[in-house]
Amino acid sequence: MSGDNELLARLRNEQFAVVDDFLSLEFANKLLRSSQELIKSNAFKQHRFSFGGSLLEKPGVFEIDLSGPTCSKMPSGLGAWNDVVNDFAPSFVKRLAVDNALALKSGTPAIKVQLNTGGGSFPWHYDNPGPPSERSLTCIVYLNPNWTPGDGGELVLWPFLSKQIVVPPLHARAVLFRSDTVLHRVLPSKVRRLCFTMWCPGNAVNRQSDVLLSKDVLQFRSYDEAQAFFCQSPLQRVLSRAVYSEDYLESLLECVENESGHEKISLQLKRSLVQQHENNVNQIMVKLRPLIQEFRERKTRREIS
Ligand SMILES: [Fe+2]
Numbered sequence: 018m019s020g021d022n023e024l025l026a027r028l029r030n031e032q033f034a035v036v037d038d039f040l041s042l043e044f045a046n047k048l049l050r051s052s053q054e055l056i057k058s059n060a061f062k063q064h065r066f067s068f069g070g071s072l073l074e075k076p077g078v079f080e081i082d083l084s085g086p087t088c089s090k091m092p093s094g095l096g097a098w099n100d101v102v103n104d105f106a107p108s109f110v111k112r113l114a115v116d117n118a119l120a121l122k123s124g125t126p127a128i129k130v131q132l133n134t135g136g137g138s139f140p141w142h143y144d145n146p147g148p149p150s151e152r153s154l155t156c157i158v159y160l161n162p163n164w165t166p167g168d169g170g171e172l173v174l175w176p177f178l179s180k181q182i183v184v185p186p187l188h189a190r191a192v193l194f195r196s197d198t199v200l201h202r203v204l205p206s207k208v209r210r211l212c213f214t215m216w217c218p219g220n221a222v223n224r225q226s227d228v229l230l231s232k233d234v235l236q237f238r239s240y241d242e243a244q245a246f247f248c249q250s251p252l253q254r255v256l257s258r259a260v261y262s263e264d265y266l267e268s269l270l271e272c273v274e275n276e277s278g279h280e281k282i283s284l285q286l287k288r289s290l291v292q293q294h295e296n297n298v299n300q301i302m303v304k305l306r307p308l309i310q311e312f313r314e315r316k317t318r319r320e321i322s
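The numbering used here puts the first residue of the sequence shown at 18, with every later residue one more than the last.
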């Protein structure tokens, strides 16, 4: 229990926590073996994501939705993944449900097992981008006993206007973070990489004060005060794409263009992605230019300090 209290304190103070040996080695290896059976039976499906009205394939990323209706029909069965759905995940949520800020809903969270083959990556994003998402806490657990530096597939967390934290996807390690305040991405993986993610819904996310950036909110006496506020508030999501404009675009193009080149997106689609991104950034800039410019400078200063 004291371990849970310490974990919750870290989530409150830093909004993320890395926990090694989150699973016992025995359970992690069991999940790995069940995953290998599922890979053999072609149970993993191509990951798709929507952007600007298009549904795009993400090269090199495959997944199984453990809360999906097809799961009970897996030809080889889910093996040890049944233990995650029926026991491990709901008891994990129960243990952390004491925290009032996360206000987790009881029951089994949404769970996906994910397989990255060579080249798969994810762009900068928040797991809870706004309503109607109810995600409060994200927990990613890695199953990669042979991972070594240079293999890629690291998770990168980027707390608002702070330094990036690069987390290698080590076997049985978990990374937990607030779904609505921690910008993150996944670097391209050069080898097969396996993980599962639990997205835990909460009762206190996306309240009006978390999504409406009104004039009343913007009454700061200094930019330092503004920075301190947005670092803690889910309202940072309103500004993030403009503050990190170049990083968002670079990572977006990287994840739809497979390194091997055989899945390259068309020039037309690439233009439309860039255009959509620029439209989004311009909409923010029109309303908040001085604040965004100041935060961009602070971001650059933080990177070189
Ligand atoms: Fe994510």
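For each residue, glycine too, the CB sits at the ideal point set by N, CA and C.
Quick caveat: nothing in here was measured; it's all calculated off a predicted structure.
Practice item. If I'm right that Gly-219 touches Leu-121 with Cβ under 8 Å, what's the distance once you round it to whole angstroms? Key: 5 Å
Review point. What residue ranges within the segment 201-250 form continuous beta strand (DSSP E) runs of no fewer than 3 residues, ordered along the chain?
Key: 210-218
**Study point:** Alpha-carbon spacing of Val-203 relative to Ala-191, whole angstroms
**Key:** 14 Å
Practice item. Mind the definition here: the segment 297-312 touches the segment 255-274 only if three or more C-beta pairs lie below 8 Å; say whether that holds. Key: Verdict: yes, contact present.
Review point. Ordered along the chain, which non-local residues of its own chain (more than five positions away) have a Cβ less than 8 Å from that of Ser-322?
Key: none
**Study point:** Reduced DSSP secondary structure (H/G/I, E/B, other) of Gly-77
**Key:** strand
Check your understanding: Nearest to Ala-189 by CA position, among Phe-109, Asp-168, Leu-178 and Asp-38, is which residue?
Key -> Asp-38
Point to revise | Nonlocal neighbours in the same chain, by C-beta distance under 8 Å from Glu-309, ignoring five residues either side | key: According to the sequence provided, residue 309 is Ile. The question's Glu does not apply to it. So the list reads Leu-256, Ala-259, Val-260, Ile-301 and Met-302, once near-sequence residues are dropped.
Point to revise | Phe-139 CB to nearest heavy atom of ligand 1 below 8 Å | key: yes
Practice item. Go ahead and pull the three-state DSSP assignment for Gln-32. Key: Correct three-state label for Gln-32: coil.
**Study point:** 7 Å Cβ shell around Leu-42 - same chain, five flanking residues per side excluded
**Key:** Ala-189
Review point. With C-beta atoms as the reference, is Asn-145 less than 9 Å away from Asn-223?
Key: yes
Practice item. Have a look at the DSSP bridge pairing and note the partners of Gln-63. Key: Phe-79
Exercise for review: Compute the minimum distance between the beta carbon of His-142 and the heavy atoms of ligand 2, and state whether it is under 8 Å.
Suggested key: Among the ligands in the structure shown, ligand 2 does not appear; only ligand 1 can be found there.
Point to revise | Cβ pair Leu-132, Ser-153 closer than 9 Å | key: no
Exercise for review: Output the residue ranges of the beta strand (DSSP E) runs that lie fully inside the segment 125-206 and measure 3 residues or longer, sorted by chain position.
Suggested key: 127-133, 139-142, 152-159, 172-176, 182-184, 191-195 and 199-203
Check your understanding: For Val-291, which of Arg-306, Arg-238 and Ser-268 has the nearest alpha-carbon?
Key -> Ser-268
Point to revise | Three or more C-beta pairs below 8 Å linking the segment 167-180 and the segment 228-248 | key: yes
Review point. Within 8 Å: the Cβ of His-64 and any heavy atom of ligand 1?
Key: no
Check your understanding: Apart from the five residues just before and just after Lys-129, which ones in its own chain have a Cβ nearer than 6 Å to its Cβ?
Key -> Glu-80, Asp-82 and Thr-214
Exercise for review: Whole angstroms is fine: what's the gap from Met-27's alpha carbon to Leu-49's?
Suggested key: At residue 27 the sequence reads Arg, which differs from the Met that was named. Cα-Cα distance, rounded: 29 Å.
**Study point:** Per-residue burial, Gly-278 [other beta carbons within 10 Å of its own, 16 or more giving buried]
**Key:** The pLDDT assigned to Gly-278 is 46, lower than 50, so where the model puts this residue is not dependable; a value taken from the coordinates is nonetheless given after this. That one is exposed.
Exercise for review: May I ask whether a heavy atom of ligand 1 can be found less than 8 Å away from the beta carbon of His-201?
Suggested key: yes
**Study point:** Distance, Ser-52 Cα to Trp-164 Cα
**Key:** 16 Å
Practice item. Determine, using beta carbons only, whether Asn-161 and Cys-212 come nearer to each other than 9 Å. Key: yes
Review point. For ligand 1, is there a heavy atom less than 8 Å away from the beta-carbon of Thr-198?
Key: no
Practice item. Return the CA-CA distance between Asn-103 and Ile-157, expressed in angstroms with no decimal places. Key: 18 Å
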